[in-house]
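Trainee: Dropping a structure here in structure tokens format, bear with me for questions.
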Amino acid sequence: MSLLALRDVHVRFNTAAGVVRAVSGVSLDLAKGETLGLVGESGCGKSTLGKAIMKLVPVAGGEILVEGVDIAPLDRRQLTDMRRKVQMIFQDPYGSLNPRSTVGRSVAQPMVLAGWTAEATAERVETLLRWVGLPTDAKQRFPHEFSGGQRQRIGIARALALSPKLIICDEPVSALDVSVRAQVINLLEDLKGEFGVSYLFISHDLSVVEHIADRVAVMYLGTLAEVGGRDQIWRSPQHPYTKALLAAAPVANPKLARSRQRTVLQGELPSPLDPPAGCPFHSRCPIAQDRCRAEKPVLRPVGGGALAACHFV
Amino acid sequence: MRRFEFLGRFSRNRGALVGAVLILVVALMALLAPLFFPVDPLRIVGQPELWPGEDPDFPLGTDSLGRDMLSMIVHGARATLLIGLFASAVATLIGVSVGATAGYFGGWIDEIAMRAAELFQTIPNLIFVLTIVVILGSTLTNIVIAIGIVSWTPIARMTRAEFLSLRDREFVQACRAMGMGDLRIIVGEILPNALPPVIVLSSLVVAGAILFESAVSFLGLGDPNVASWGRLVGDGRLLIRSSWYICAIPGVAIMITVLCLNLIGDGLNDALNPKLRDR
Amino acid sequence: MALPLDVRDLSTTLFTRRGEMKAVDGLSLSVGAGETVALVGESGCGKSLSALSIMRLLPDPPARIVGGEVLLNGRDLVVLPEEGMLDIRGQEIGMIFQDPMSSLNPVATVEKQIAEVLMTHTELGRGQARVRAHELLELVGMPDAGRRLDAYPHQLSGGMCQRVVIAMAIACSPSVLIADEPTTALDVTVQAQVLALLKKLQADAGMAMVFITHDLGVVAETADRVVVMYAGRKVEEATVDELFETPLHPYTAGLIGATPVPGAARAERLADIPGMVPPLNALPQGCAFAPRCPRVMARCRQERPKLTQPAPGRLVACFAAERG
Chain Y
1 MSLLALRDVH VRFNTAAGVV RAVSGVSLDL AKGETLGLVG ESGCGKSTLG KAIMKLVPVA
61 GGEILVEGVD IAPLDRRQLT DMRRKVQMIF QDPYGSLNPR STVGRSVAQP MVLAGWTAEA
121 TAERVETLLR WVGLPTDAKQ RFPHEFSGGQ RQRIGIARAL ALSPKLIICD EPVSALDVSV
181 RAQVINLLED LKGEFGVSYL FISHDLSVVE HIADRVAVMY LGTLAEVGGR DQIWRSPQHP
241 YTKALLAAAP VANPKLARSR QRTVLQGELP SPLDPPAGCP FHSRCPIAQD RCRAEKPVLR
301 PVGGGALAAC HFV
Chain H
1001 MRRFEFLGRF SRNRGALVGA VLILVVALMA LLAPLFFPVD PLRIVGQPEL WPGEDPDFPL
1061 GTDSLGRDML SMIVHGARAT LLIGLFASAV ATLIGVSVGA TAGYFGGWID EIAMRAAELF
1121 QTIPNLIFVL TIVVILGSTL TNIVIAIGIV SWTPIARMTR AEFLSLRDRE FVQACRAMGM
1181 GDLRIIVGEI LPNALPPVIV LSSLVVAGAI LFESAVSFLG LGDPNVASWG RLVGDGRLLI
1241 RSSWYICAIP GVAIMITVLC LNLIGDGLND ALNPKLRDR
Chain R
2001 MALPLDVRDL STTLFTRRGE MKAVDGLSLS VGAGETVALV GESGCGKSLS ALSIMRLLPD
2061 PPARIVGGEV LLNGRDLVVL PEEGMLDIRG QEIGMIFQDP MSSLNPVATV EKQIAEVLMT
2121 HTELGRGQAR VRAHELLELV GMPDAGRRLD AYPHQLSGGM CQRVVIAMAI ACSPSVLIAD
2181 EPTTALDVTV QAQVLALLKK LQADAGMAMV FITHDLGVVA ETADRVVVMY AGRKVEEATV
2241 DELFETPLHP YTAGLIGATP VPGAARAERL ADIPGMVPPL NALPQGCAFA PRCPRVMARC
2301 RQERPKLTQP APGRLVACFA AERG
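Dropping the structure here:
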């Protein structure tokens, strides 16, 4: 049984301009101890999907199974058990901590909500701060006294509080400087090694995902374009969008950057308010044909354990 | 440490410091009034219409009935400040509750709350206060509640705006992701962040409430058992041609107090508004 | 012939209540025609303030240029009166900012904003300016350029807005283009488009380009030469190939090690740099990088290393690197 299983998940937002189909029919599995990278460009629905799993946005359809239990129809009280198993790390280290709460209070919140005693909570907070490499006197201080990287560590400590099995990392290093970003990535990997926690790692940065993920899912306009093992995706991407994404990612190696073939993808993401009919990618796809404009491709095995949603691979 | 920082920033604004000191003096005066003037201020103690300085026993003179002006001003400070503070408290309580609920939940709750606020804003405030006082009777409590009811809308709007910008911040989402309930998020997490501008506004509402009460008392609809400054102005209005000081002295007291409260509001704004910090 | 841009020993200080901070400390930077020099560093290293100093667009107070020269085609901009700068900005030196949405006026059409630049600096009339604006939009690869002329910024995507900003920056064919994180706010596929566009425009017009970024991937893709900054100072300068092959300064090496390269063998940890960039008002004595440096020596904590030239065309400010 997978730790997390998504079955045809839909998320819609009603806006003044119409209905935005942020996520339309995503099915994914995440095994215990695995890091699944979820990549895509802004507006592709990757963050919304993460929030849907946390029930931070309403789920319009489908099943979200955490260890086999569908959490989509549960209310806040019934979700307590799931909250213990699944936690989240946010993107903005400056926004994800209450500026008027001490670090100690922020990190202690999960234990307080779970009804721990004061002593047990205080002890746990110290342990957590130590795990993420912060001094224990940090708990009396306020978030503004810390740098972005340290705040992200505080966020990680809070997410770890109740020993979750899965942590949803929503662009956890995008707002950080290069050197600090590496520290946080290494910390996440260390914690995984130590506690066997799984990650759903949401990012737009392909090189970071390539570094940290075991498997990768590529999203485009609310749907999955391709899912596969990390090496498989990087060595032989099947879906034309995955290929384009990889070609567009800058490579921090000038010789490699010059030598590789670059096909710059034309056009921009269509509006999720008005997604193209048929394959969502057909408006930018170099190999699009009439069939793509009419018929929406479904994810299907394309060899090597990978799945791709394209008629022509 | 943060508290000292706050005091430092507040006192950097000279006007606010002067305002705070003067208000403190007025408040002390109000507190210690029975000590200085143990006699009921409404008792006739001397000749009527003594000008200030005319009789050393009554430094601020006497009114048309021969009551000590200084004693009435000092005792009146009590009533005036209390009315201001309580009316502001009522307005803040209503305003924050309505604004927080509207801003946090949004949707139709927000619609209803904001339409209600608009309704209150379209009613002429003074007439509304007078109507309530006339219908329910001129007691201090009724006046305080009436003023509170007409003054809550700006506070509600401000609170709502703060909640709207804070409710989608990631730290609030983090609380939701932990399974925290709405009430706890509103009161424990968002409210402390939304309060600074609300506090500034509340301090200004105190000033507004004092003016309201003065107007009500001036029109003779104030609580007859309370010698607020507004009532003193009202009592003196018939003699304004001959003995104008009877109006002027409590009038100046009101003016200074309201001015000081506004200065304090400005100072609080400087001290609490993080955008202005470290300039 | 003078270089298009030759910055010599430029220093910019922030005068704040907490004291004076040297945000840019003796920066020298020269860019030849058709050359791209990348200015690299983490947030707070002074790279954006350097660009604003060159453009004389510093927020004053608190920032002020306290020394050095900015030679644009041989003319020193630092001593030029503000009126003189008005003619130069947009005409001889163009700038592209990070956030395309906020660098455009939200209530003016695309055509009006481009035409305004043209009419300020050239003799073109309204009609001619419109025609030229259309040409420029086509030049920057705006899809459906004719129709976009009358669009407002909010009707365009981030990538399209950045194209408009680029069109405005190159409208008067400046000899120098300063791009401050021009693709940071954009998606990967759009970033690739904009980088390709900048490269092409530069090659066609022979512009000198200063490219400010924190992303080493973007550096590797675009730059000819790289200047690495740390805490307001230049710590290393080299051609892009040399820099990535043999970084001399431990900070540069740290940055490269901390950037994952797709396709590289995995399993190994990223090389992280411990600690964080020190705030400018609390710089350590000696080398600013010393507290984080893996090769730190006693001397580094007392004395600030000067830039030395270990090989032709290379500069580094590090005692450990001098030793080899």
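Listed in order, the protein sequences are those of chains Y, H and R.
So the first sequence is residues 1 to 313, counted in our numbering.
So the second sequence is residues 1001 to 1279, counted in our numbering.
So the third sequence is residues 2001 to 2324, counted in our numbering.
Just so it is clear, CB atoms sit at the ideal spot from N, CA and C, and this is done for glycine as well.
All of these numbers come straight from a predicted model, not from anything done at the bench.
Go ahead and pull the three-state DSSP assignment for M2297 of chain R.
Mentor: Translated into positions along the third sequence, residue 2297 of chain R becomes position 297. M2297 of chain R falls in the coil class under three-state DSSP.
Trainee: According to DSSP, is C2287 of chain R part of a helix, a strand, or is it coil?
Mentor: The residue labelled residue 2287 of chain R in the question sits at position 287 within the third sequence. Coil at C2287 of chain R, not helix or strand.
Trainee: For Q2191 of chain R, report the span of its alpha helix (DSSP H) as first-last.
Mentor: Numbered from its first residue, the third sequence carries residue 2191 of chain R at position 191. Counting along the chain, the alpha helix (DSSP H) containing Q2191 of chain R begins and ends at 2188-2205.
Trainee: Would the segment 55-64 of chain Y and the segment 224-236 of chain Y be scored as touching if the rule is three or more Cβ pairs under 8 Å?
Mentor: With a cut-off of 8 Å, the segment 224-236 of chain Y and the segment 55-64 of chain Y do not count as touching, because too few Cβ pairs lie within range.
Trainee: Is there a C-beta anywhere in chain H that falls below 7 Å from the one on N253 of chain Y?
Mentor: As a first step, residue 253 of chain Y is located in the first sequence; it is residue number 253 there, counting from the start. Output row for N253 of chain Y: interface = no.
Trainee: Please classify S101 of chain Y: does DSSP put it in a helix, a strand, or coil?
Mentor: The residue you call residue 101 of chain Y lines up with position 101 of the first sequence. DSSP places S101 of chain Y in coil when its eight states are reduced to three.
Trainee: Alpha carbon to alpha carbon, how far is V2210 of chain R from D92 of chain Y?
Mentor: For the purposes of this step, residue 2210 of chain R is identified with residue 210 of the third sequence, where counting begins at 1. For the purposes of this step, residue 92 of chain Y is identified with residue 92 of the first sequence, where counting begins at 1. Computed Cα separation, rounded: 29 Å.
Trainee: Measure the beta-carbon distance from G2158 of chain R to M2101 of chain R and round it to whole angstroms, keeping in mind my assumption that it falls under 8 Å.
Mentor: Taking the first residue of the third sequence as position 1, residue 2158 of chain R is located at position 158. Taking the first residue of the third sequence as position 1, residue 2101 of chain R is located at position 101. Correct: roughly 7 Å between the Cβ atoms.
Trainee: What do you get for H144 of chain Y, buried or exposed, if any count of 16 or more other CB atoms within 10 angstroms of its CB means buried?
Mentor: Counted from its first residue, the first sequence places residue 144 of chain Y at position 144. Result: exposed.
Trainee: With a CB to CB cut of under 6 Å and the five nearest residues on each side skipped, what residues in its chain are close to G68 of chain Y?
Mentor: As a working note, residue 68 of chain Y is residue 68 in the first sequence. Answer for G68 of chain Y: M1, listed in chain order.
Trainee: When the distance is taken between beta carbons, is V1098 of chain H closer than 7 Å to A1156 of chain H?
Mentor: The residue you call residue 1156 of chain H lines up with position 156 of the second sequence. The residue you call residue 1098 of chain H lines up with position 98 of the second sequence. Contact flag set, yes.
Trainee: Near M1001 of chain H, which residues of its chain fall below 8 Å by C-beta distance, leaving aside the five closest residues on each side in sequence?
Mentor: By one-based count along the second sequence, residue 1001 of chain H stands at place 1. Residue confidence is low: M1001 of chain H scores 47 on pLDDT, short of 50, so the model does not pin down where it sits. Its coordinate-derived value is still stated next. Here the set comprises nothing.
Trainee: So who's on the other strand from N1262 of chain H, going by DSSP bridges?
Mentor: Here the question's residue 1262 of chain H lines up with position 262 in the second sequence. Its beta-bridge partners do not exist; DSSP assigns none.
Trainee: Within 10 angstroms of the Cβ of D1235 of chain H, are there 16 or more other Cβ atoms? Answer buried if so, exposed if not.
Mentor: Here residue 1235 of chain H corresponds to residue number 235 of the second sequence, with the count starting at 1. When all chains shown are included, D1235 of chain H counts as buried.
Trainee: Count the other CB atoms, across all protein chains shown, that sit within 10 Å of the CB of M1255 of chain H; report buried if there are 16 or more and exposed otherwise.
Mentor: As a working note, residue 1255 of chain H is residue 255 in the second sequence. By the 10 Å Cβ count, M1255 of chain H comes out exposed.
Trainee: Buried or exposed for D2180 of chain R, going by 16 or more other Cβ atoms inside 10 Å?
Mentor: Locating residue 2180 of chain R in the third sequence gives position 180, where the first residue counts as 1. The residue in question, D2180 of chain R, is buried, as its Cβ has 16 or more Cβ neighbours within 10 Å.
Trainee: Straight-line CA distance for D2009 of chain R to I2065 of chain R?
Mentor: Taking the first residue of the third sequence as 1, we reach residue 2009 of chain R at position 9. Taking the first residue of the third sequence as 1, we reach residue 2065 of chain R at position 65. Computed Cα separation, rounded: 11 Å.
Trainee: First and last residue of the beta strand (DSSP E) that includes V2226 of chain R?
Mentor: By 1-based counting over the third sequence, the position of residue 2226 of chain R is 226. Residues 2225-2230.
Trainee: Taking Cβ positions only, does M1158 of chain H come closer than 7 Å to chain Y?
Mentor: The count along the second sequence starts at 1 and reaches residue 1158 of chain H at position 158. Judged by the 7 Å Cβ criterion, M1158 of chain H is not in contact with chain Y.
Trainee: Under 7 Å, Cβ to Cβ, is there at least one residue of chain Y near Q2155 of chain R?
Mentor: Residue 2155 of chain R sits at position 155 when you count from the first residue of the third sequence. No, Q2155 of chain R does not count as interfacial toward chain Y.
Trainee: Name, going along the chain, the residues of the segment 2039-2052 of chain R whose beta-carbon falls closer than 7 Å to a beta-carbon of chain Y.
Mentor: Answer set for the segment 2039-2052 of chain R: E2042, S2043.
Trainee: Please check if any C-beta of chain Y sits within less than 7 Å of the C-beta of R2056 of chain R.
Mentor: Reading the third sequence from its first residue, position 56 is the one you call residue 2056 of chain R. No, its Cβ sits nowhere closer than 7 Å to a Cβ of chain Y.
Trainee: Of the residues H:S1071, H:V1074, H:L1261, H:G1106, which one's Cα is nearest the Cα of L1085 of chain H?
Mentor: Counting from one through the second sequence, the residue named residue 1085 of chain H turns up at place 85. Nearest C-alpha to L1085 of chain H: H:L1261.
Trainee: Taking the alpha carbon of T263 of chain Y as the reference point, which residue from R:V2188, R:D2006, R:E2083 has its own alpha carbon closest?
Mentor: Start at 1 with the first residue of the first sequence, and residue 263 of chain Y comes out as number 263. Nearest C-alpha to T263 of chain Y: R:V2188.
Trainee: Which residue from H:I1112, H:L1042, H:E1005 puts its Cα closest to that of R1160 of chain H?
Mentor: Position 160 of the second sequence, counted from the start, is the residue given in the question as residue 1160 of chain H. Comparing Cα positions, the closest option is H:I1112.
Trainee: How many angstroms separate the CA atom of R2299 of chain R from the CA atom of A2320 of chain R?
Mentor: Counting from one through the third sequence, the residue named residue 2299 of chain R turns up at place 299. Counting from one through the third sequence, the residue named residue 2320 of chain R turns up at place 320. So the alpha carbons of these two residues sit roughly 10 Å apart.
Trainee: By the criterion of Cβ-Cβ separation under 9 Å, what are the contact partners of I2273 of chain R in chain Y?
Mentor: For the purposes of this step, residue 2273 of chain R is taken as the residue at position 273 of the third sequence. Residues of chain Y passing the Cβ test: V178, S179, V180, A182, Q183.
Trainee: DSSP state of G196 of chain Y, grouped into three classes?
Mentor: The count along the first sequence starts at 1 and reaches residue 196 of chain Y at position 196. Here G196 of chain Y sits in coil by DSSP.
Trainee: For D29 of chain Y and A108 of chain Y, what's the separation of their Cα atoms in angstroms?
Mentor: What you label residue 29 of chain Y is simply residue 29 of the first sequence in a count that begins at 1. What you label residue 108 of chain Y is simply residue 108 of the first sequence in a count that begins at 1. Taking the straight line joining both Cα atoms gives about 31 Å.
Trainee: Using alpha carbons as the reference points, say which of R:K2199, R:M2160, R:Q2309, R:G2041 lies closest to L315 of chain Y.
Mentor: It is not possible to answer for residue 315 of chain Y, since the shown part of chain Y is limited to 1 through 313.
Trainee: Check each candidate in Y:M111, Y:H211, Y:P99, Y:P164 and name the one with the smallest Cα separation from E194 of chain Y.
Mentor: Within the first sequence, the letter at position 194 stands for residue 194 of chain Y. Selected option, being the one with the closest Cα: Y:P164.
Trainee: What residues from chain Y crowd round R2269 of chain R, counting only those whose CB sits closer than 9 Å?
Mentor: Locating residue 2269 of chain R in the third sequence gives position 269, counting from the first residue. Neighbours of R2269 of chain R on chain Y, chain order: A182, I185, N186, E189, D190.
Trainee: Tell me whether R2075 of chain R sits in a helix, a strand or coil according to DSSP, three-state version.
Mentor: Here residue 2075 of chain R is taken as the residue at index 75 of the third sequence, counted from 1. DSSP places R2075 of chain R in strand when its eight states are reduced to three.
Trainee: For the beta strand (DSSP E) containing R7 of chain Y, name the first residue and the last one.
Mentor: Indexing the first sequence from 1 puts residue 7 of chain Y at position 7. Residues 4-15.
Trainee: Can you find a CB in chain C that lies within less than 7 Å of the CB of L265 of chain Y?
Mentor: Among the chains of the structure shown, chain C does not appear; the protein chains present are Y, H and R.
Trainee: When you compare the segment 1182-1192 of chain H with the segment 1201-1221 of chain H, are there three or more beta-carbon pairs, one atom per stretch, that lie closer than 8 Å?
Mentor: Judged by Cβ distances under 8 Å, the segment 1182-1192 of chain H makes no contact with the segment 1201-1221 of chain H, as fewer than three pairs qualify.
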